[in-house]
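Note sheet for the following structure.
2 protein chains.
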Amino acid sequence: MVAAAVAVVRPGWAGDKRAIVNSPANITDPLVLFMPSGKRGRFPVGTPVLDAARQLGVYVESVCGGRATCGRCQVEVQEGNFAKHKIVSSNDHISPKGPKEERYERVRGLPERRRLSCSAQILGDLVIDVPQDTVINAQTIRKDADTRVIARDTAIRMCYVEIEEPDMHNPSGDLDRLKIALMKDWGFKNLEFDFYLLPQVQGILRKGNWTATAAIHKDADSDIARVIALWPGLKNEAYGLACDIGSTTIAMHLVSLLSGRVAASSGTSNPQIRFGEDLMSRVSYVMMNPDGREGMTVAVREAISSLVDKVCAEGNVQRNDILDSVFVGNPIMHHLFLGIDPTELGGAPFALAVSGAVRIKASDIGLKLNQGARLYMLPCIAGHVGADAAAVTLSEGPHRQDEMMLIVDVGTNAEIVLGNRARVVAASSPTGPAFEGAEISGGQRAAPGAIERVRIDPETLEPKYRVIGSELWSDEPGFLDSVQATGVTGICGSGIIEIVAEMYLAGIISEDGVVDGSLSARSPRVVANGRTFSYVLKEGSASKEDGPKITITQTDVRAIQLAKAALYAGTKLLMEKQNTEHVDRIHFAGAFGSFIDPKYAMVLGLIPDCDLDKVSAVGNAAGAGARMALLNRGYRREIEETVSQIEKIETALEPKFQEHFVYAMALPNKVDPFPKLSAAVKLPPRKTVSEDGVAGAATPRRRSREGHAARRGRE
Amino acid sequence: MVAAAVAVVRPGWAGDKRAIVNSPANITDPLVLFMPSGKRGRFPVGTPVLDAARQLGVYVESVCGGRATCGRCQVEVQEGNFAKHKIVSSNDHISPKGPKEERYERVRGLPERRRLSCSAQILGDLVIDVPQDTVINAQTIRKDADTRVIARDTAIRMCYVEIEEPDMHNPSGDLDRLKIALMKDWGFKNLEFDFYLLPQVQGILRKGNWTATAAIHKDADSDIARVIALWPGLKNEAYGLACDIGSTTIAMHLVSLLSGRVAASSGTSNPQIRFGEDLMSRVSYVMMNPDGREGMTVAVREAISSLVDKVCAEGNVQRNDILDSVFVGNPIMHHLFLGIDPTELGGAPFALAVSGAVRIKASDIGLKLNQGARLYMLPCIAGHVGADAAAVTLSEGPHRQDEMMLIVDVGTNAEIVLGNRARVVAASSPTGPAFEGAEISGGQRAAPGAIERVRIDPETLEPKYRVIGSELWSDEPGFLDSVQATGVTGICGSGIIEIVAEMYLAGIISEDGVVDGSLSARSPRVVANGRTFSYVLKEGSASKEDGPKITITQTDVRAIQLAKAALYAGTKLLMEKQNTEHVDRIHFAGAFGSFIDPKYAMVLGLIPDCDLDKVSAVGNAAGAGARMALLNRGYRREIEETVSQIEKIETALEPKFQEHFVYAMALPNKVDPFPKLSAAVKLPPRKTVSEDGVAGAATPRRRSREGHAARRGRE
């Protein structure tokens, strides 16, 4: 074997300048390609693979610092002739296992073909695969963002060191010698210690026989790194939490900081619901009750603590091994979680107490993880557009690409982000709760038994539908049996979208949203309801399998029109700010977005015209963004920088909001053409109906009032 | 008035680079001299005096940032012709009071001749006096270190700002706008906030009508500054604690961070005494009792908390206004105070858990000051030489001057520091408790009634003495009346030094410390005591005014010899390390040092030969060093750097210690000449006495054993 001619590069913190400086290499040196990153370079024969990876900025984990004991730096040689890269890669081009690696294999076991990159040396051209130990958790299969591989550069690093024993001739303290070892072996420059470790350091170093593993936190631009936890000997596990605190539900991932693997995911309902269903009622509760803020803070923190228990049990992880955590949430959840009074967010100017990213200890808010665990919250964009929207932005990355991307997150609140590499703008829009089934006569939350899909035959005006929990349409044999357990109990958000759109496509409602009473002559489904008309989706029945009668009233249609008009008007304002007439791509974030059919959303005019195959549901993008910020400090800096540059539109202050809102009351829109939608779906011909000629048609004045009312309800 | 042509320089943190850069000035510009610093420079007409001071690096306090509301930046014009400086200074050369300054004078009052330097502008040549508001506290008069003026550059700055109101168009958080204002007005670059402030910031900014004063902590080399406290409007007070935790007593100063004034000083006995009188018995207590460490930590923290109450009451200061604190102590006190098990310090290799400076929050150790208050501990030099010795070094500054300076701190432990600008070495020496009156037959602590001065007539061998609490010698009329309240109860450390030295000077003991029994024929004061002889200092009496019989036995003399020999041997080792035969200057630190007469200490050979007028008592130098570190961050860096370079001598490991110790048993020394002492004091002629010819003379072998025993007792 050829002796290594390169200086040994201690594994550094990927992203450190030091790690991406290439060592002097010769054109005749072996060529090494790392996958999946595709980074490549030439390295002298004898270079450890880990050092080559570090020099190229390829993140390969290492806890033991190249001592072949932690096993975190495993790689695989891809054999073959990679003509495209002009590399013939072979296991003969890597050094055979040395005594250290053999010992690791004997004691810990090494999967076939895997090598420890700290020990394996480059002997010839190689294609090296860096395996990503990601696991697709069963519970999160629908949330495709969770399957993505996130490049790791964690704010916490696990660093094993050997420390000099005490010496009377050089009487520096145990902690100080530990510090020197960490600085020397791992390249830290300014290292501090959490206070709680001071009384423990003696015992830990002696228990580890003068070896220890330090968890080191280094975030932000500061030059300071902090030792936040310490174990005797080699500690080879470290976990983090990524948590999205929604108004309705709280979702949490437990993630290995050393492999990126999602060890467990779980969710729970937000117990603050008992103080108020929507955000404004919770703010009111704080304003009306002296202990209201405290009560809600305690409630959400306790729920999160229970969730930690759940994910720890599921992932078989100890709380003490959780060292970092990232939380996102809308501004009111953000403030309540931090113990900040959200009252100011309840009225103009909707002043945030804190908008920037928050970096604290988990113990600051009483969250019991490892005693030194850190907590990071993404920045809030504005008083209505929170850290959850920031996380969605981070996840979808409009600022990382050139297309004009619209991101719509319809949760209990609707947030809209529009932009591309050049510029990103954001707003919240007062959609109200109609999309979630509230304020709809037959509406309900998405749960088994709820109608989620609807089709109406334009000839007969007869409907068919599907309910959550059954794979069958209502006109298929065996449908009733399949819903026996739940019955058909109501209509959920995605069902509401579809039925209103289908009623429009079938001509049951006009583009102004008026149920055409004249059709009652043609179909028993259209029935009078006082001065307006309703559509009977489903007759009632005494049997449990069938459930109550479900009708769509004129009021229901109006509620959906108000909600979608508000969302569309907000989107239009953002498009105007961007000076664009169209969007290239639409991402629906959140649970609601995962279940609605983009076509019907567009028929309704909830979103602007766009290629249908460029409209996609992106699942819990807020959770995905939190996980990115957990696994990579670079994403924290990226979103902090991006948020500082996002332009925030306060819809209530924009004079044109009214006008857009009124036009958007129509299906899909009074003035905007939907050419791409029209090409894919046969829209009814535009009728010219006199403003006051049709019963129930909203006059411009009335629409305007409704717009005001809708906004008041959300502010 | 000429319009100011210079850019307004916001008052920065003195010592910041920005503040010492000179603005472009012309040779014809007015010349301004600041006193007492002596710094001078030319400034364009119209420059505010405060800005000129900043540019020269002259520390002038300012909380309000130049708004003429805090009144902290007062200066005085010195009128006259200062020929030496070629300056004719006159009140005509400074701008008259403007409306802001007049308003301040009307509302708050301005002492005669005082001006606000933020408002007063330079119109011509000036000599400007920057007053130092130091107060000499009655209780600390004997501790002359406390009267020194310490240049201020505190780790805590009080910074008043005006904050933009919330704005929907620019929806950054209250905290974030506060941060921007602080960075803009005060030049901070990387500003973070203590977590506890997050829920409070809304209320504070609104209460202050969008003005606030932030206490900002910036220490160490990091670029990070932290807001640790926040008040609505202008907060114009801030205090700090400087505390020396001695084994026996705890001393504390309460100091204004804004003026340097000592607001109060107090002391209390260390309640750990109930666990053991000396340090080693306390370590034993920890080793023997499972809750011993915890008990002693609680005891010392509670005592310190009570002391805080005392100084707060005395200084009329609220705990909440205390923002910083500096603590020093020997290694065992240092560890116990921080909650660290000191057991390792009880035996070789005397391993410190932490030797570097400790920077934590006061709340980390449960000390209730302002919630954000900081705590700084000076570094420890070695396992036997603690943060108290570092503070003494900082106070006396051997490293700041050229003379070979010896610092001796004889407390319950004796620490020795020797050096100059080129090199500093340090050690601890096993003196034992004899200097404090323990292990001496008639010994007692320094308290009223204790003999502190002794003279022996060399002809008659009759003594006279003075006791603490009386100004009279025992042979003066009225002496008995003057000691009526206390009696004459024993002999304290300084008295022991004097009587043994006087016995030597009178020929009662030989240079080897043997009481000459033949003198019993000449004087009834010399009496047989078994196989050895004693000297009767005072006959006993039944009356309270007179008290018990006090004799100096051969064993007493031996105890003093052992103690002084240990101290001298340690000093000799340091002198050898420094390659020097003599010292230029000797500083006695600590209470013991304040009361002994240097001449007698030298006659005894407790300290090496030196000009007597260069031997001085420096009082509680540890407390003075703590106060320096409290008032000036630069001193923290200075002592951290100095300690890292101090060479530590472990006396137990030095082969020559034994030899030095044996020679040092003699008075003043068996081999070292004391030429300077001899010139000032008539020493008895050197007798050549055969080693075994005199009853009670110690053989070399026996001395050697005693040396061992003495060291064991102190380790």
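Those sequence lines, one after another, are chains A and B.
According to full-length UniProt numbering, the first sequence is numbered sequentially starting from 1.
According to full-length UniProt numbering, the second sequence is numbered sequentially starting from 1.
Just so you know, even glycine gets a beta-carbon here, dropped at the ideal spot from N, CA and C.
Within-8 Å CB hit, residue i to chain A
i	result
residue 338/B	yes
residue 650/B	yes
residue 172/B	yes
residue 373/B	no
residue 378/B	no
residue 355/B	yes
residue 536/B	no
Any C-beta of chain B under 8 Å from that of residue i
i	result
residue 223/A	yes
residue 658/A	no
residue 429/A	no
residue 692/A	Any reading at residue 692/A must be qualified, since the residue scores a pLDDT of 42, below 50, and its modelled position is unreliable; the value itself is stated next. No, because no Cβ of chain B sits closer than 8 Å to the Cβ of residue 692/A.
residue 574/A	no
residue 653/A	yes
residue 212/A	no
residue 364/A	yes
residue 383/A	yes
residue 201/A	yes
Own chain, CB closer than 6 Å to residue i, minus 5 neighbours either side, in chain order
i	result
residue 161/A	181, 182 and 185
residue 143/B	Unreliable positioning characterises residue 143/B in this predicted model, as indicated by a pLDDT of 37, which lies under 50. The coordinate reading is nonetheless provided below. Excluding sequence neighbours, residue 143/B sits near 619 and 620.
residue 276/A	282 and 285
residue 358/A	377
residue 227/A	193, 214 and 216
residue 674/A	609 and 668
Cutoff 8 Å: residue i Cβ touching any chain D Cβ
i	result
residue 360/B	Absence of chain D from the displayed structure is noted, the protein chains being A and B.
Spatial neighbours of residue i in its chain, beta-carbon cut-off 7 Å, leaving aside the 5 residues before and after
i	result
residue 59/B	14, 151, 152 and 153
residue 557/A	500, 509, 513 and 515
residue 310/A	266
residue 643/B	379, 381 and 390
residue 611/B	676
residue 343/B	283, 286 and 287
residue 355/A	379 and 380
Reduced DSSP category for residue i - H, G, I as helix; E, B as strand; rest coil
i	result
residue 231/B	strand
residue 198/B	coil
residue 168/B	coil
residue 649/B	strand
residue 478/B	coil
residue 641/B	helix
residue 463/A	strand
residue 718/A	With chain A running from 1 to 715 in the structure shown, residue 718/A is simply not present.
Beta-carbon proximity list for residue i, same chain, < 8 Å, skipping 5 on both sides
i	result
residue 444/A	437, 450, 489, 490, 491 and 492
Inset, instruction - Report the residues of the stretch 175-199 of chain A with a CB closer than 7 Å to any CB of chain B, ordered along the chain. - result: 175, 176, 190, 195, 198 and 199
Legend entry - Residues of the stretch 148-169 of chain A with Cβ closer than 9 Å to any Cβ of chain B, in chain order: 165, 166, 167, 168 and 169
Inset, instruction - Give, in chain order, every residue of the stretch 318-351 of chain B whose Cβ lies closer than 8 Å to some Cβ of chain A. - result: 338, 339, 340, 341, 344, 348, 349, 350 and 351
Legend entry - Whole runs of the alpha helix (DSSP H) within the stretch 302-383 of chain A, excluding any shorter than 4 residues: 331-338
Legend entry - Those runs of the beta strand (DSSP E) which lie wholly inside the stretch 550-638 of chain A and span at least 3 residues: 550-552, 585-589 and 615-617
Legend entry - Start-end ranges of the alpha helix (DSSP H) lying completely within the UniProt domain "2Fe-2S ferredoxin-type" (30-134) of chain A, minimum 4 residues: 49-55 and 99-108
Inset, instruction - May I ask you to list, following chain order, the residues of the stretch 570-599 of chain B that have a beta carbon less than 9 Å from some beta carbon of chain A? - result: none
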